[in-house]
Each structure stands twice: as structure tokens, then as C-alpha cells.
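So the structure is just underneath, and the comments pick up after that.
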């Protein structure tokens, strides 16, 4: 680095640190974005120069669902092997959030001390990051429809990823979910080393393809894909009867792997983090040990005990995610360990301002499981309406479920806890901003 | 006696919870013990199936999916759909569907997609950098005779509440707009019109989805479908819509449209 660059970097870092201190001391927030924004103005090539300073390389985690959990598992595995890891753990995954996360680990002259940086990156921002930054590893988890009010379409995003990754050095390693046709196809188009992960457990196939599915069409020729079975959404075993496109082989037997937390989606998160750790050089025994002892990230199948009642928070921010959390809750209800569910629907910027996606969720499955359903959030009546229409009989007359509407979230939580027997678990399914609010009420402090 | 709901390309054209419109029609029939069946009208469907439906629902699509639909919806299938709409089969077409019924749609990238030309309208995307029209939308139905018929049932002017999210802008020719925008962008953010109305077909950018939040439209469609099929009037029993009303009031409060709250 040239002297001028060094001074400029030091200046940008100094200013960022000062802002962080001010924001935090005035209790204006967690300072997870603003320092990055301002220091980038002082040093436009700040992000690439921070990337270059990470000793063993930057790992980017992209995908619609599972970024935070995958990152946290990978980070835990690496830290337990003694590596120093930087991670944008607040979930701020746009450019300024990445810069802020890296800056918090620099000293006053801008020297970063880390072996690895794990950065969760918003799917739409990835091409922008890759324009002038060079990660060592990229993990692609999945591409679902999410927040279309902000973005375009799944196909367009995949094409932009391909273009951006193709311009990276040949020694970049890409790890992709082969059960996702869009990502498997993407991997087949890349010139770098590509590793695939996926499931080989047909007993986990869903009975039918859920409605909330985006890409059952061949990414190569547009023909309808032939599915032998689906694990969740459009992730599964498939091939194209027209052009012969088929999923790439994984070279890993998912049956041999333990999994973190609960749910099929966490099998994918486990494989993604575990396989990348193995590629980095961590041995399987250590990886498996961390998997077995893993604790959830906030709101992602996180478990809490509140006033003697057991609570599990399952972030539900899009149709695919919510179908999976409903599947998890139903399975637990079947064995008699749950009967009360609280749904919290918000429509703020981090949630997506359009709530029509709840009509793509198979809430009928929740109704069929019976029990007590409590609804709350900014759009409490929209959620209640969705549940009303999930039942073949108006108002669920003569049915085995009870719907309770609480505009006030505090009251909703209190009611939910009251109804939950001590030997059962209360499940809370919130959107993103709702999850932050729920946690604040439950544990009494802000996390972001 | 039963009503058949034809759902246009469920796997290709259901981007924004448009399934809610199908669910709404289906449930409101079931709750009244009217026999109802939902059939998919997609690539595997025989043309004759198109001719059998009593209600049509079409939703939004991504550009690539819309192209696949338009490739399939040609010749006999297009003719069958045209025939249905011309003969007065009620339909609700949201988001991408109105573009499909118009003359053409020009996407931001790629080639012009020809529509069925049933409605005299065109849609254009002003370019990849142009902002999308996104947000909660409120409009008054003004199309005749729909507006009068709804007013007779409701006792007040019919107000639709929904959510719009479209890159394309629609410009009407000699077709009546569905309504006039109170809050939001509507067809193009310029002329204050929203959607289009032709025979018994409702075309609109408003999803949310449309029918559950505006159940009077669903009931109007069911009534028309019944008349069309059995040539007799169907007197609908009133349903418990307090949750829909509460959802509508909550949105009007948020948008500070207090003068409309009394009319809900």
C-alpha cells in the first residue's frame, strides 16, 4: 500500500471509529451502517483495501434464506480452531454494513487483524461487491422470491451473479447448493473450482410441490423440469427432459452428517458451513463436534425460557421460509409438544412493505394442526384474514382451532405465554422487524 | 350446479400472492354451500378446458415467465380465452395479466411481448433505472355499469384498497378505466386512472391480493358467473367480513384517508 493510501485509510478509519463512539454513546442505535457510509465517502476504495488485509481471505455468504445461521456456524467452527474471524453479525448486509463490520476490527491506522472475514451479502449487492473486491470463497445457499418490491426477479439476479463471478480470479472457490436448479446451472457455467452440496434423503421429500415456488423451469432451456421429489420449495432432485440439464453431483453423503437446530432448511445450512470449513482444512471430527454443540443465532430457531415457559422463535420472512417454519411447528404439534403459535406480521422496510406474500404461504397446514393461533403486528388484520380464508368453514366453526387477535404485541406475547402449558413450547413466527421487537420484549433489551 | 374457476398458469403467473384471489372466490362459494371447483389453465391444459370455466383469474408474472405464457397462449387457446371474455365471463386480471390482455408490453430489456389485443391498452417499461411504482394503493371504481351495480349493493361508492408493484406503465386507448386513483400511482402515475374494465373483466395493477381485501368484488364476480351460466339470479347470503373491514380501516387510517373510513 502506498503512503498516501495508508494515510487516507487511516483517516477514513479514524472518522468511522469516532462516529461509532458518538452514535453508541448517544444511544442512537447499534452503529451498524452509518460509519461505513461516511468513511466510504472519504475513501472510495475502502472495501477492496479492507478485503486485501484479511490474512487468509474473505468468505461471502449469499442466498435468500439461511445466511445468518450458516455464517454463525462457520464462524464458530473456525473460531474453535483458533482462527480470528470478522463477521457482519448484525445482519447488515449492504455495502455500508460490510465496511462497518470490517472497520470495527481495525486499529486506528486502519490495520485489520483477522484470518478470515465472513460476510453475509445481500443477493442483489453481490455483483456490486465483486466489481472491485476479491473474496477467496463464495457460498451460494439458495435463491427464492423475497422482497420483490425491492428487487427484480430470480433469473435476473442469477445472471448477474454469473457475470460477476466469472470475472474473479481462477483460484476463487465457489460452493453452491446443487438442489437449487438456478444455482446448479450457475455452477456449471463457471470456470473456477466449484463444489456442490445437497441432500440425498428421498424420505424427506414433500408430498407435493408447494405453491410458493419460483423456478421449476429449466434455467438452460426454459422447459418444465422433471422432479423426482422436492425437499423444500424448488430444492430437490430434478432433471430437464428437453435439453438434458441435470443437477451436478455433490461428492458428499448428507446422511453421514449431523445437523444443527431443527428443520430441513438447517440441513442445508449445516452442509454449506461444514463443507466450506472442510475445504479450508478443518478436519471432520472438529466440524461435527461444533455442529452438535451449536446454539442458534437470534430469532433463527432460537430457544428461550421466559417465566418458566419454553419459547422458540422461528423467523418467517418469506413464503418459502414460512412454509418451512409451519412444517416444523406442525411436526412438533403432532408429537404433542406444542399447541400455541403466535404470528407477527410487520410491513416495514426490512420486512418488505408488500404483505401479499402471506397468500403464497400454505397457512392451511397450520389451521389443520389445530390449537391456538394468536396474531399481531402492523398488519395483524391481513394475517387474520389469511387465516380466516385458510378454513373451509367461515370463522372455523366446529373446528379445533381458536384465533385470537391482539393489535398490541406486548399483549399478544403475554396472552400467548398464558395459554402455553409448561410442558409445551410456544412458537413465535415473526417477520424480520417483528422478530427484533419480540426479542426486545422477551429479553428486555435491543439487539440492533 | 357448480361454478368452475379457471386459474391462468398458476405456476408461471402468481408472483404476488395472486393465489389469494382464487382462494377468495373458492371460499366465498364454499362458505355459502355453492359447489365450486378450481382448474388450472396452463401449458398441459387442453383448449376445450378453457371453454368450460365460469370465472377466470390471472396473476402477475416475471418477464421470462410472461414470455413462456405468451408463447403458449396463441391460436386456439387465445381464441378460447377471447371468446370467454367477449361473452361476459367474469375475470380478474392483476399485475402482469392486464399487460397480457392489451396490445403489447415493452419490457425494460429484451423484445416487445405481444398481447392478446383484447383490451385497447399498451404497457411500457420506461427503462431499467426508472423507479418501480410501489406502495399501498386506494382507488374508487368508476367504470360503468360496475360502479353503479356495486354502489347499489354497498350503499356507498366502491373503494378498492390494495398494493401495487409494477415497473411497466399502462396507457389506455378506447377502453374504460376501472377507477380513479385516490392514493398511489395507478396505471402510469400520470393520468390518475387505474386499471381497465371490459365486459365483465376487471384488469388492475392492484394486488394485495385484490379480492380478500375487497370482498364485494368477489361477490359481484360470483353473481355474474352464476347469471351467465344458469340465466337466473343468485341471491348471495351475507358473510361475516369483519376481518376484511378491520384490515381496510387500518390501512385507511394509516394513509390518513379518514373521510373514507365511514364508507367502508
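Protein chains in written order, with the working numbering: chain A, 1 to 448; chain B, 1001 to 1264. Built from N, CA and C at the ideal position, the CB exists for glycine as well.
- As summarised for the segment 105 to 190 of chain A, the continuous alpha helix (DSSP H) elements at least 4 residues long and confined to that stretch are 126 to 132, 154 to 166 and 181 to 189, given in chain order.
- DSSP places residue 1140/B in the strand class (E or B) of the three-state scheme.
- Residue pairing by DSSP places residue 1002/B opposite 1035/B in a beta bridge.
- Straight-line spacing of the CA atoms in residue 409/A and residue 1264/B works out to 26 Å.
- With the criterion set as a beta carbon lying under 7 Å from some beta carbon of chain A, the members of the segment 1216 to 1243 of chain B are 1239, 1240 and 1243, in sequence order.
- Considering only beta carbons, no part of the segment 1096 to 1108 of chain B lies closer than 8 Å to chain A.
- Neighbourhood of residue 1019/B in chain A, by CB distance below 7 Å: 211, 359 and 360, in chain order.
- When C-beta distances to chain A are compared with 8 Å, the residues of the segment 1047 to 1077 of chain B below that value are 1062, 1063, 1064, 1065 and 1068, in chain order.
- Runs of the alpha helix (DSSP H) spanning 4 or more residues and lying entirely within the segment 1136 to 1182 of chain B occur at 1146 to 1154, in chain order.
- Taking one beta carbon from each stretch, the segment 1162 to 1178 of chain B and the segment 1126 to 1146 of chain B have 3 or more pairs nearer than 8 Å; the two touch.
- At least one CB of chain B lies nearer than 8 Å to the CB of residue 388/A.
- Here the C-alpha atom of residue 321/A lies approximately 44 Å from the C-alpha atom of residue 6/A.
- The Cβ of residue 384/A sits closer than 8 Å to at least one Cβ of chain B.
- Contact annotation: residue 13/A and residue 100/A have beta-carbon atoms that are not nearer than 8 Å.
- Proximity of the segment 1047 to 1057 of chain B to the segment 1065 to 1072 of chain B falls short of the contact definition, fewer than three beta-carbon pairs being nearer than 8 Å.
- Closest in C-alpha terms to residue 1094/B, from the list 1236/B, 1247/B and 1021/B, comes 1021/B.
- Of all residues in the segment 1145 to 1163 of chain B, the ones placed with a Cβ closer than 7 Å to any Cβ belonging to chain A are 1163, in chain order.
- Boundaries of the alpha helix (DSSP H) harbouring residue 1050/B: 1047 to 1052, taken from the DSSP string.
- Here the alpha carbons of residue 1098/B and residue 1204/B stand approximately 7 Å from one another.
- Within the same chain, 1142, 1143, 1187, 1193, 1194, 1195, 1196 and 1197 come within 8 Å of residue 1177/B by CB-CB distance, once the 5 residues on both sides are set aside.
- Between residue 316/A and residue 431/A, the CB-CB gap stays under 8 Å.
- Counting the other CB atoms within 10 Å of its CB gives residue 435/A a total of 16 or more, which places it among the buried residues.
- The Cβ of residue 381/A sits closer than 8 Å to at least one Cβ of chain B.
- Taking 8 Å as the cut-off, the beta carbon of residue 18/A is found no closer than this to the beta carbon of residue 103/A.
- Residue-level contact check: residue 1208/B touches chain A, since one or more beta carbons of chain A fall below 8 Å from its beta carbon.
- Here DSSP, grouped into helix, strand and coil, assigns residue 89/A to coil.
- Of the candidates 1148/B, 1130/B, 1243/B and 1072/B, the residue whose Cα lies closest to the Cα of residue 1042/B is 1072/B.
- Among the residues facing chain A, residue 1212/B is included, as its CB has a counterpart in that chain under 8 Å away.
- Not a single CB atom of chain A sits nearer than 8 Å to the CB of residue 1005/B.
- Listed by position along chain A, the residues whose Cβ is nearer than 8 Å to that of residue 1024/B are 389.
- Residue 1247/B and residue 297/A have their C-alpha atoms roughly 33 Å apart.
- For residue 356/A, the nearest beta carbon of chain B is closer than 8 Å to its own beta carbon.
- The contact set of residue 164/A on chain B, defined by CB atoms closer than 8 Å, is empty, because the minimum CB distance reaches about 17 Å.
- If you look at residue 228/A, you'll find it in the beta strand (DSSP E) that goes 226 to 232.
- For residue 430/A, there is no enclosing alpha helix (DSSP H); the enclosing beta strand (DSSP E) has its first and last residue at 425 to 430.
- Chain-ordered, the chain B residues with CB closer than 7 Å to the CB of residue 155/A read 1062 and 1064.
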